[in-house]
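These protein sequences, in sequence, are chains A and B.
Okay, so the first sequence: first residue is 3 according to this note's numbering, each after it adds one.
Okay, so the second sequence: first residue is 500 according to this note's numbering, each after it adds one.
C-beta atoms are modelled at their ideal positions from N, C-alpha and C, and glycine is treated no differently.
Here's the structure, in structure tokens; my notes come after.
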Amino acid sequence: MPLNLEKGAFAKKKRWQKLLDRFNSPAQVQDEVLQHHAKAKRHIIQFGKVKIEVTGLRYASDKHGALIKGKSLFNPRQPKAVYAYALDVPRAPRAKRRDPWREWIDTHRGELAQYAGSTIAIHPIEGVVVHAEDALEFAEKYNAYLQKHPGAGKQLLVSSGSMYTSDE
Amino acid sequence: MEMPASSLDDLPEVEAEWTTRASEDLWRLLSEAYNRARATGSSDETESDTEDAIVLGPVLGTSREPRVAQCAVVKLDGNLYWQLTVSTPPDEPTPEEVTKISQTLGGQEGLHQFLKEAVTGTKVGSVSYDISFQLRESVWRCRVLPSTLREVDQSALAGLVPEARIEHVGYRAQSGAEGIRDLFVSYDHQESRFLVNAVAADTLELSDGQWLPRASAIARRIAGKLFERSGGSHAAEP
């Protein structure tokens, strides 16, 4: 997060009108507030090698504001495993952005059905690249995948359970 | 010795965000307060342009704390997302509409009381404070900036900007003092000032007569650690 010289105490010129515009038109503030909350929560998501015990997690695609439910990735047998903090990114109701994961999911529901009950990691182009029936196994496979594909973590959406099982 | 907030060149500007569960009673109170303030404004519109967001304020502060505050609340999926912004008033004369809105909401005391009642009995999670303030170089000396290049910088920057000095630094911590997670310090050589921005997770505290005392305490802590009065004899350790 770079220092924003146009913001807060550093803004050069402040206008009453801006405050009045916010007051008179709360709709224009709505997305901003939700995005700020999401940003604040993203500060606590960490993917790294830190020894910490985490249970009952939710995973989110913070790039797209989509709320994704998931479970713990922490592997007690491998304390330096990839882990995630809990976070809850509110869905920006007005944001209409392209979601490559959602597009892949929508066009591969039949394929996804076979992973019902599993924890999976989805790449927007390659599809399901990691899958396992329990979180511990998943954490090991997920780590192995990231070792083979450094930096790929940002392109993966992790989902647990049957959220994306086929309804066809 | 704790550095008094008044010894900063300007009081810190703060954006505080927290979440509570939504309740119909609370949303009704918020709507009523908003509609009362709205009725005093000069806007031709009598209705809010959304049913899911409310903005209370601008609310004017007191002579002790001459600030302007605005509180936005968004309702989504059973939660209320709060954002309280406390900042320096614009240099322009205060418009009559602002004065009326502020009076209708009871000024600083009224909004403060409203917020206290709103969170009473409600679980409030960690509050994210985004705090910024600046200090004049003519009065303050920074202990970390500007600084000479470190060895690793000299190696990396050789042949590029070898005579450079460091004027900006950012720190990240998982659990810093006062819940500080991000801390940025910048030396603005053009304006001869130091800019400080911190993001901290702390509790929500609403005390009488002061907007966000936790944010002020965090700013004092940072200023006390990183800065001292020019001349060096007044290092202000918290």
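Is the beta carbon of arginine 520 of chain B less than 8 Å from the beta carbon of glycine 577 of chain B?
-> Counted from its first residue, the second sequence places residue 520 of chain B at position 21. Counted from its first residue, the second sequence places residue 577 of chain B at position 78. Going by C-beta atoms, arginine 520 of chain B is nearer than 8 Å to glycine 577 of chain B.
Phenylalanine 693 of chain B beta carbon less than 8 Å from that of proline 511 of chain B = Taking the first residue of the second sequence as position 1, residue 511 of chain B is located at position 12. Taking the first residue of the second sequence as position 1, residue 693 of chain B is located at position 194. In this structure, phenylalanine 693 of chain B does not lie closer than 8 Å to proline 511 of chain B by Cβ.
Buried versus exposed, by CB contacts within 10 Å (16 or more), valine 651 of chain B | Against the second sequence, residue 651 of chain B aligns to sequence position 152. Per the 10 Å Cβ criterion, exposed.
State the Cα-Cα distance for the pair histidine 133 of chain A and glycine 112 of chain A, rounded to the nearest angstrom.
-> Counting from 1 along the first sequence, the entry for residue 133 of chain A is found at position 131. Counting from 1 along the first sequence, the entry for residue 112 of chain A is found at position 110. Cα atoms of histidine 133 of chain A and glycine 112 of chain A: separation of roughly 16 Å, rounded to the nearest angstrom.
Distance between leucine 644 of chain B and leucine 656 of chain B (C-alpha atoms, nearest Å) = Here residue 656 of chain B corresponds to residue number 157 of the second sequence, with the count starting at 1. Here residue 644 of chain B corresponds to residue number 145 of the second sequence, with the count starting at 1. CA-CA distance, leucine 656 of chain B to leucine 644 of chain B, rounds to 18 Å.
List the residues of chain A whose Cβ lies closer than 9 Å to the Cβ of glycine 556 of chain B, in chain order.
-> Within the second sequence, numbered from 1, the residue matching residue 556 of chain B stands at position 57. Correct list: Leu21, Arg24, Phe25.
Between tyrosine 670 of chain B and chain A, is there a C-beta pair that is closer than 8 Å?
-> Looking up residue 670 of chain B in the second sequence gives position 171. Closer than 8 Å: no.
Flag leucine 575 of chain B as yes if its beta-carbon sits less than 8 Å from any beta-carbon of chain A, otherwise no.
-> If you number the second sequence from 1, residue 575 of chain B lands on position 76. It does: the Cβ of leucine 575 of chain B has a partner Cβ on chain A nearer than 8 Å.
How long is the line joining the alpha carbons of glutamine 607 of chain B and lysine 599 of chain B, rounded to whole angstroms?
-> Your numbering for residue 607 of chain B matches position 108 in the second sequence. Your numbering for residue 599 of chain B matches position 100 in the second sequence. So the two alpha carbons sit approximately 13 Å from each other.
Between histidine 688 of chain B and the ligand HEM, is the CB less than 7 Å from at least one heavy atom?
-> The ligand HEM is not part of the structure shown, which contains no ligands of any sort.
Residue-level contact to chain A via CB, threonine 702 of chain B, 8 Å cutoff = Indexing the second sequence from 1 puts residue 702 of chain B at position 203. For threonine 702 of chain B, no Cβ of chain A is located within less than 8 Å of the residue's own Cβ.
Could you tell me which uninterrupted beta strand (DSSP E) segments, each at least 3 residues in length, are contained entirely in the stretch 662-714 of chain B, listed from first to last along the chain?
-> Scanning the stretch 662-714 of chain B from its first residue to its last, the whole beta strand (DSSP E) runs of 3-plus residues come out as 667-671, 679-687, 692-701.
If you draw a straight line from the C-alpha of leucine 69 of chain A to the C-alpha of proline 126 of chain A, how long is it?
-> For the purposes of this step, residue 69 of chain A is taken as the residue at position 67 of the first sequence. For the purposes of this step, residue 126 of chain A is taken as the residue at position 124 of the first sequence. For leucine 69 of chain A, the predicted structure reports a pLDDT of 38, less than 50, and the residue's modelled location is therefore unreliable. A value from the coordinates is still provided. Straight through space, the alpha carbons of proline 126 of chain A and leucine 69 of chain A are spaced by roughly 17 Å.
Find the residues of chain A that neighbour tyrosine 580 of chain B, judging by a C-beta separation of less than 8 Å, and give them in chain order.
-> Stepping through the second sequence from its first residue, residue 580 of chain B is reached at position 81. Result: Val35, Leu36, His39, Pro92.
Since glycine 579 of chain B and valine 585 of chain B are thought to touch, with beta carbons under 8 Å apart, how far apart are those beta carbons, to the nearest angstrom?
-> Here residue 579 of chain B refers to the residue found at position 80 of the second sequence. Here residue 585 of chain B refers to the residue found at position 86 of the second sequence. As written in the sequence, residue 579 of chain B is leucine, which differs from the glycine given in the question. Not really, about 19 Å apart at Cβ, beyond 8 Å.
Alpha carbon to alpha carbon, how far is tyrosine 117 of chain A from leucine 158 of chain A? Give it in angstroms, no decimals.
-> The sequence position of residue 158 of chain A within the first sequence is 156, counting from 1. The sequence position of residue 117 of chain A within the first sequence is 115, counting from 1. When rounded, the distance between both Cα atoms is 16 Å.
Per DSSP, cross-strand counterpart(s) of tyrosine 580 of chain B | As a working mapping, residue 580 of chain B is identified with position 81 in the second sequence. Looking at the DSSP output, tyrosine 580 of chain B shares a beta bridge with B:Thr518, B:Val573.
Can you list the residues of chain A that valine 567 of chain B reaches, using a CB-CB cut of under 8 Å?
-> To locate residue 567 of chain B, count along the second sequence from 1; it is residue 68. Residues of chain A passing the Cβ test: Leu21.
Cβ neighbour criterion (16 or more within 10 Å) applied to lysine 71 of chain A = In the first sequence, residue 71 of chain A corresponds to position 69, counting from 1. Any reading at lysine 71 of chain A is ruled out, since the residue's pLDDT is 35, under 50, leaving its predicted position unreliable.
Nearest chain B C-beta to glycine 58 of chain A closer than 8 Å, yes or no?
-> For the purposes of this step, residue 58 of chain A is taken as the residue at position 56 of the first sequence. Residue confidence for glycine 58 of chain A is low, a pLDDT of 35 falling below 50, so the modelled location carries little weight; the figure read from the coordinates is stated next. No, its Cβ sits nowhere closer than 8 Å to a Cβ of chain B.
Of the listed residues B:Ser646, B:Ala672, B:Glu636, nearest to arginine 664 of chain B (C-alpha basis) = Here residue 664 of chain B refers to the residue found at position 165 when the second sequence is read from its first residue. Among B:Ser646, B:Ala672, B:Glu636, the Cα nearest to that of arginine 664 of chain B is on B:Ser646.
Do you know how far the Cα of glutamine 149 of chain A is from the Cα of glycine 678 of chain B?
-> Here residue 678 of chain B corresponds to residue number 179 of the second sequence, with the count starting at 1. Here residue 149 of chain A corresponds to residue number 147 of the first sequence, with the count starting at 1. In this model, glycine 678 of chain B and glutamine 149 of chain A are separated by some 32 Å (Cα to Cα).
So, is the C-beta of proline 126 of chain A closer than 8 Å to a C-beta in chain B?
-> Numbered from 1 along the first sequence, position 124 holds the residue referred to as residue 126 of chain A. At a cut-off of 8 Å, the C-beta of proline 126 of chain A has no neighbouring C-beta in chain B.
Looking at the structure shown, is arginine 728 of chain B part of a helix, part of a strand, or coil, going by DSSP?
-> Reading the second sequence from its first residue, position 229 is the one you call residue 728 of chain B. Per DSSP, reduced to three states, the secondary structure at arginine 728 of chain B is strand.
Nearest to serine 706 of chain B by CA position, among B:Glu564, B:Ala552, B:Pro594, B:Arg728, is which residue?
-> The residue labelled residue 706 of chain B in the question sits at position 207 within the second sequence. Answer by Cα proximity: B:Glu564.
So is proline 102 of chain A in contact with chain B if we call contact Cβ pairs under 8 Å?
-> If you number the first sequence from 1, residue 102 of chain A lands on position 100. Taking 8 Å as the CB threshold, proline 102 of chain A stays off the interface with chain B.
Taking only beta-carbon positions, decide if proline 589 of chain B is within less than 8 Å of chain A.
-> Taking the second sequence and counting its residues from 1, one reaches residue 589 of chain B at position 90. Taking a beta-carbon distance threshold of 8 Å, proline 589 of chain B counts as an interface residue toward chain A.
Could you tell me if leucine 659 of chain B is buried or exposed, where buried requires 16 or more neighbouring beta carbons within 10 angstroms of its beta carbon?
-> As a working mapping, residue 659 of chain B is identified with position 160 in the second sequence. Leucine 659 of chain B should be labelled exposed.
Please state whether DSSP places serine 562 of chain B in a helix, a strand or coil.
-> Counted from its first residue, the second sequence places residue 562 of chain B at position 63. DSSP, reduced to helix, strand and coil, places serine 562 of chain B outside both helices and strands of the structure shown, so it counts as coil.
Is the beta carbon of leucine 614 of chain B less than 8 Å from the beta carbon of cysteine 570 of chain B?
-> Sequence index remark: in the second sequence, residue 614 of chain B carries index 115 (1-based). Sequence index remark: in the second sequence, residue 570 of chain B carries index 71 (1-based). Yes. Within cutoff.
Beta strand (DSSP E) segment containing glycine 624 of chain B, residue limits | For this step, residue 624 of chain B is matched to residue 125 along the second sequence. Glycine 624 of chain B -> no beta strand (DSSP E), and no H or E assigned at all.
Option nearest phenylalanine 726 of chain B by Cα separation, candidates B:Ser637, B:Glu704, B:Leu529, B:Gln689 | Reading the second sequence from its first residue, position 227 is the one you call residue 726 of chain B. Of B:Ser637, B:Glu704, B:Leu529, B:Gln689, the residue nearest in Cα terms is B:Ser637.
Residues, ordered as in the chain, of the stretch 584-610 of chain B that lie near chain A by beta-carbon distance below 8 Å = Interface annotation for the stretch 584-610 of chain B against chain A: Ser586, Thr587, Pro588, Pro589, Asp590, Glu591, Thr593, Pro594, Glu596, Val597, Ile600, criterion Cβ-Cβ distance under 8 Å.
Is glutamate 704 of chain B closer than 8 Å to aspartate 629 of chain B when the C-beta atoms are compared?
-> The residue you call residue 629 of chain B lines up with position 130 of the second sequence. The residue you call residue 704 of chain B lines up with position 205 of the second sequence. Going by C-beta atoms, aspartate 629 of chain B is not nearer than 8 Å to glutamate 704 of chain B.
Within the 8 Å Cβ cut-off, does threonine 518 of chain B reach chain A?
-> Taking the second sequence and counting its residues from 1, the one referred to as residue 518 of chain B is at position 19. Yes, because at least one Cβ of chain A sits closer than 8 Å to the Cβ of threonine 518 of chain B.
Which of helix, strand or coil DSSP assigns to glutamate 736 of chain B | Counting from 1 along the second sequence, the entry for residue 736 of chain B is found at position 237. Only weak support exists for where glutamate 736 of chain B lies, its pLDDT of 34 falling under 50; the value from the coordinates is given anyway. Coil.
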